[in-house]
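Numbering (the working numbering), first residue to last: 5 to 368. Ideal placement from N, C-alpha and C gives every residue a C-beta, glycine not left out. Following: one structure in structure tokens, then a few remarks.
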């Protein structure tokens with residue numbers, strides 16, 4: 005039986021549209037519109053989608069950095085048990101927050117340039133009165149070491165660090181209060197590719213070491229495939245598919261997921277095809293279409309798609325999809341590296357090259 009740490013039910017976040025001299029509300033931007041998620045303890049659950057689909061707003065609303073319009077967010081706290089964060093008062097929320105932390109997307113704007121690195125990492129512990137004095141300084145040094153920095157860096161300011169190092173500082177701050185759940189809001193999107201790999205490996209090592217649970221938000225499918233246990237796909241404020249990484253990447257049941265996967269680079273040049281080009285624009289969350297939100301761009305759309313919104317339903321093995329034809333469509337997923345044929349002569353050349361490199365290193 006899965007040990008559920010976070011249960012999100014029908015979560016909504018609507019931003020009012022105000023116009024006129026009296027600033028009357030004339031409509032709402034439905035940034036998050038009925039999201040359902042279940043995150044198990046110890047797993048990495050990723051949320052993917054195009055820019056503007058509502059994935060970052062979902063993460064912020066779960067933490068109540070944005071007040072939810074409707075729905076429930078139930079978190080399994082170590083002392084309080086299962087608590088609905090949306091109904092929690094300020095005192096209860098302050099007790100819950102140490103176990104739910106966030107790593108922000110931009111490592112440049114998320115760190116106060118007027119604070120030293122030590123002060124930035126210490127701030128959560130000072131606010132929550134957990135440590136002070138020598139114990140606080142020792143904890144700062146420990147956290148810097150854990151994320152691959154040196155204790156003496158505590159006296160420096162953020163401008164003295166690279167983007168990857170700044171993100172490590174943000175990770176250290178998120179670890180300060182020993183959280184159970186960390187929401188990673190596109191933590192590597194602002195970094196170079198080589199630095200991305202280092203930060204991702206660090207996150208995986210920390211997860212194993214501290215038994216962390218990640219809600220990982222990203223638009224980079226390659227990153228998501230590497231780090232995730234399960235994945236949810238969002239489109240215009242709604243979750244349209246949920247499954248394990250293998251299910252979603254290699255056996256998609258939703259046409260939008262197929263279109264996203266077609267943008268991944270094809271490692272076998274003999275199988276390369278053009279990406280699936282979607283017609284039209286992404287619908288406005290302030291005025292979404294009737295029926296399935298994706299029907300205006302879907303190459304498989306039929307009349308029922310224009311009039312009836314498909315529910316998110318189980319298509320087998322807990323693989324959820326919001327599509328009227330998820331059981332009948334034969335959709336194309338990503339290619340597995342193991343399926344790419346390699347000629348024997350290529351393998352021989354690679355082996356010879358590796359052997360020569362080992363011999364060269366041995367003679368040095």
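Query raised in the report: Using DSSP with H/G/I as helix, E/B as strand and the rest coil, what is residue 296?
Result: In the three-state reduction of the DSSP assignment, residue 296 falls in the coil class, being assigned neither a helical nor a strand state.
Report task. Pick helix, strand or coil for residue 60, following the three-state DSSP scheme. Result -> Residue state, collapsed to three classes: helix.
Query raised in the report: Cα separation between residue 176 and residue 298?
Result: Whole-angstrom Cα-Cα distance: 40 Å.
Requested in this report: Below 8 Å on the Cβ atoms is my guess for residue 39 versus residue 62; work out the distance and round it to an integer in Å.
Outcome: Yes, they are in contact, since the Cβ atoms of residue 39 and residue 62 sit about 6 Å apart, within 8 Å.
Query raised in the report: Would you call the CB atoms of residue 234 and residue 65 closer than 9 Å?
Result: It is not a contact, given that the beta carbons lie outside the stated cut-off.
Requested in this report: Spatial neighbours of residue 140 within its chain, please: CB distance less than 7 Å, with the 5 preceding and 5 following residues excluded, ordered by chain position.
Outcome: Excluding residues within five positions, the ones whose Cβ falls inside 7 Å are 126, 129.
**Report entry** Three CB pairs or more closer than 8 Å across the stretch 67-79 and the stretch 12-23
**Finding:** By the Cβ rule, the stretch 67-79 counts as touching the stretch 12-23, because three or more pairs are nearer than 8 Å.
Query raised in the report: What's the gap between the Cα of residue 149 and the Cα of residue 290?
Result: So the two alpha carbons sit approximately 46 Å from each other.
Query raised in the report: Around the Cβ of residue 257, are there at least 16 other Cβ atoms within 10 angstroms (buried) or fewer (exposed)?
Result: By the 16-neighbour rule on beta-carbons within 10 angstroms, residue 257 is buried.
Query raised in the report: Got a sec, what are the start and stop residues for the alpha helix (DSSP H) residue 46 sits in?
Result: Here residue 46 belongs to no alpha helix (DSSP H), and DSSP marks it neither H nor E.
**Report entry** The alpha helix (DSSP H) enclosing residue 104, as first and last residue numbers
**Finding:** Unbroken run through residue 104 is the beta strand (DSSP E), 104-107; no alpha helix (DSSP H).
Requested in this report: Can you grab the Cα-Cα spacing for the pair residue 8 / residue 41, in whole Å?
Outcome: Across the structure, residue 8 and residue 41 are spaced so that their CA atoms are roughly 10 Å apart.
Requested in this report: Throw me the rounded Cβ distance for the residue 203 and residue 191 pair, which I believe falls under 8 Å.
Outcome: Sure, about 7 Å apart at Cβ, within 8 Å.
**Report entry** Residues of its chain near residue 109, where Cβ-Cβ distance is below 8 Å and the 5 sequence neighbours each way are ignored
**Finding:** Sequence-distant partners of residue 109 (beyond 5 residues in either direction) whose C-beta falls short of 8 Å from its own C-beta, in its chain, are 60, 189, 190, 191, 193, 194.
Query raised in the report: Would you report the Cα separation of residue 211 and residue 44, rounded to the nearest angstrom?
Result: So the alpha carbons of these two residues sit roughly 13 Å apart.
**Report entry** Reduced DSSP secondary structure (H/G/I, E/B, other) of residue 75
**Finding:** Under the three-state reduction of DSSP output, residue 75 falls in the strand class.
Requested in this report: With DSSP collapsed to three states, give me the class of residue 81.
Outcome: DSSP places residue 81 in the strand class (E or B) of the three-state scheme.
Query raised in the report: Under the rule that 16 or more other beta-carbon atoms within 10 Å means buried, what is residue 94, buried or exposed?
Result: It counts as exposed.
Report task. Run the CB neighbour count on residue 85, radius 10 Å, all protein chains shown included, and call it buried at 16 or more, exposed below. Result -> Looking at its Cβ environment, which holds fewer than 16 other Cβ atoms inside 10 Å, residue 85 is exposed.
Query raised in the report: Beta-carbon separation of residue 185 and residue 147 under 9 Å?
Result: No, Cβ-Cβ distance for residue 185 and residue 147 is not below 9 Å.
Query raised in the report: In the stretch 222-287, which residue ranges form an unbroken alpha helix (DSSP H) of at least 4 residues, counting only runs that do not cross its ends?
Result: For the stretch 222-287, whole alpha helix (DSSP H) runs of length 4 or above, ordered along the chain, are 225-231, 249-254, 259-265.
Report task. Tell me whether residue 129 sits in a helix, a strand or coil according to DSSP, three-state version. Result -> DSSP places residue 129 in helix when its eight states are reduced to three.
Report task. Tell whether a beta-carbon distance below 9 Å holds between residue 197 and residue 165. Result -> No, they are not a contact pair.
Query raised in the report: If we count the other Cβ atoms within 10 Å of its Cβ and call it buried at 16 or more, is residue 51 buried or exposed?
Result: Burial call: buried.
Query raised in the report: What's the gap between the Cα of residue 157 and the Cα of residue 118?
Result: Spanning the two alpha carbons is a distance of roughly 15 Å.
**Report entry** Residue burial classification, residue 71 (beta-carbon count within 10 angstroms, cutoff 16)
**Finding:** It is exposed - the Cβ of residue 71 has fewer than 16 other Cβ atoms within 10 Å.
**Report entry** Exposed unless 16 or more other CB atoms sit within 10 angstroms - verdict on residue 346
**Finding:** In this predicted model, residue 346 has a pLDDT of only 44, less than 50, meaning its place in the structure is not dependable enough to derive any value.
Report task. Report the residue from 240, 264, 239 whose alpha carbon sits nearest the alpha carbon of residue 228. Result -> Checking every option, the nearest Cα to that of residue 228 belongs to 264.
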